[in-house]
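Reviewing the structure listed below.
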Amino acid sequence: MSAANARVRVRIRVNGALREMEIEPRRLLVEFLREDLDLTGTHIGCDTTFCGACTVLLNGKNVKSCTVFAVQADGGDVTTVEGLEKDGKLDAVQQAFADCHGLQCGYCTPGFLMSTHALLARHPQPSDAQIRKGVAGNTCRCTGYQNIFKAIRTAAGIAEK
Amino acid sequence: MIPHPFGYHRATSLEDASRLLSELGEDSKVLAGGQSLIPLMKLRLARPGSLVDLNHIPHAAYIERQNGHLRIGAMTRHSEIENSPHAASIPILHDCAAGIADVQVRNMGTIGGSVAEADPHGDWAPVLLALDAEVESVGPAGARTVPISQFIKDAFTTVLGPAELLREIRVPTPPARSAGAFIAFKRCAPVYPTASAAVQVTMVDDDFCRDAHIALGCVGLTPIVAKEAEAALREQAITSLSIERAADAAMAAADPQPDLRGSANYKRLLLRVLVRRALHAALARARGETVEVSHEYVGR
């Protein structure tokens, strides 16, 4: 039996490294990443399960980390935007977003990158409908989405129409 | 936003969860996917003293065929149903699972959490009503099975006791020439629908209907079974006129509340369109055609 708010030990693999820590049970996954691990690439946008800026991969699935308690992710594997580049080199999805101007202010971009990774893992050659559905849980208030879709098609190696 | 502090209890089985709930009393709540509970806790609209976490219980998420039923474990995530070949054999299940909120929410949210929460805007209840599903729960008095039609008592209220949990949702496999469709309308992907319609029709041949189930979501405190709409189709030759009569009867059965999603009259008119479209999709599927329907929203 744990008393109210007694700390809980969690072991979560984050970007390949096992992180073990005692946290309050009310610790949200996004705060665990940003405050406890100093991984501030994952953004808090709306904080109400709407905008998707906080999207990370949990066991390969994209989730909104503002709406997951870190204790739910205990024993799991988390990938954040910091886990994408290798040796200072952007990965293919990041490079496509840069090349296609798939971002303006960039606030939503970490979430879009993670949802794009989840989408392409499931549909390596997504149709336009699959792209729209794959990022329907991510909101961008700058781009109007056209260049984001172009970036996703480019990352998937789909020739522009 | 930071929830109020709570005590954390990790259940090792549903029986263990029931025991924990009994010990902790009414100030405790169950944490399944958390996609409704966590937002409420962050807004401090809910501040339970303790949470019993079901996420680490082994074998609580599964989709299996057995004895003429599809058995779905309560902790099965919406996306697991969306991507399940078993669930795809009952297209109305896929219509529902594939359109709930957005990918991220579907990857966490569970069918058991959705059904047990009994939010009037929830997606699963009308679909399960149209399919004559039943649910199995486990609690201090052991297990029991309840038809979904008797499970939901009121808005956010089910027959579950304070220490009772859902274990499984059981969907009878529809007979030959039976097909359904679920269409919900929402303003954008992540939000709850404004109205939804679930229909399942069983045909004698391409034209004559043996049986029809029509359930409406978001237009009452509980999902509504539109009995007169069903009667307009059951044991009838299906014509465009009988489809219109059924849609009109469904609209008459709706009892929507005006809110930010629209006026009561708007929701009734929307519902009539959804019932008509869902019937056309279900009838086409019963004829063996492949028809894709799901939630409808801007930008889809």
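If you read the protein sequences in the order shown, they are chains Y and F.
Take the first sequence: its position 5, counted from the start at 1, is 5 in this note's numbering, and no numbers get skipped.
Add 1000 to a position in the second sequence, counting from 1, and you land on the number used in this note's numbering.
Backbone N, C-alpha and C fix where the C-beta goes; we use that ideal spot for every residue, glycine too.
Is the Cβ of F:Ile-1002 closer than 9 Å to any Cβ of chain Y?
yes
Within 9 Å of any Cβ in chain F, is that where the Cβ of Y:Arg-19 sits?
no
Shorter than 9 Å from the beta carbon of F:Asp-1102 to some beta carbon of chain Y?
yes
For Y:Ile-158, name the three-state secondary structure that DSSP assigns.
coil
Using a cut-off of 7 Å between C-beta atoms, extract the partners of F:Phe-1006 located in chain Y.
Ala-4, Asn-5, Pro-25 and Arg-26
Taking Cβ-Cβ distances shorter than 8 Å, what residues in chain F pair up with Y:Asp-47?
Met-1001 and Lys-1042
Are there three or more Cβ pairs, one per stretch, closer than 8 Å when the stretch 1167 to 1185 of chain F is compared with the stretch 1129 to 1137 of chain F?
yes
Please report how far the alpha carbon of Y:Val-153 lies from the alpha carbon of Y:Gly-134, in whole angstroms.
A small fix is needed here, since residue 153 of chain Y is Arg in this sequence, not Val. Near 12 Å, if we compare the C-alpha coordinates of Y:Gly-134 and Y:Arg-153.
Would you say F:Ile-1081 touches the ligand MG, meaning its beta carbon is less than 8 Å from a heavy atom?
The ligand content of the structure shown is nil, which means the ligand MG is not present either.
From what residue to what residue does the beta strand (DSSP E) around F:Lys-1153 run?
1152 to 1154
Quick one: which chain Y residues come within Cβ less than 7 Å of F:Ser-1084?
What F:Ser-1084 touches in chain Y: nothing, since even the nearest Cβ is about 14 Å away.
For F:Ser-1018, which residues of its own chain have a beta-carbon under 8 Å away from its beta-carbon, when the five flanking residues on both sides are left out?
Val-1138, Gly-1139, Pro-1140, Ala-1163, Glu-1164 and Leu-1165
Could you tell me whether the Cβ atoms of F:Ala-1101 and F:Gln-1035 are closer together than 9 Å?
yes
When DSSP labels each residue in this structure, what does F:Gly-1142 get in the three-state scheme?
strand
Does the count of Cβ pairs from the stretch 1044 to 1058 of chain F and the stretch 1003 to 1014 of chain F closer than 8 Å reach three?
yes
For Y:Ala-118, go through chain F and note every residue whose CB falls closer than 9 Å to its CB, in chain order.
Val-1103, Gln-1104 and Asn-1107
Could you work out which residues of chain F lie near Y:Arg-11, taking near to mean beta carbons separated by less than 7 Å?
Result: empty, since nearest Cβ-Cβ is about 12 Å, beyond 7 Å.
Start and end of the alpha helix (DSSP H) containing F:Asn-1107?
1103 to 1108
Shortest alpha-carbon distance to Y:Phe-112 belongs to which of Y:Asp-87, Y:Cys-142 and Y:Gly-88?
Y:Cys-142
What's the C-alpha gap between F:Met-1108 and F:His-1280?
32 Å
Status (buried if at least 16 other CB within 10 Å, exposed otherwise) for F:Met-1041
buried
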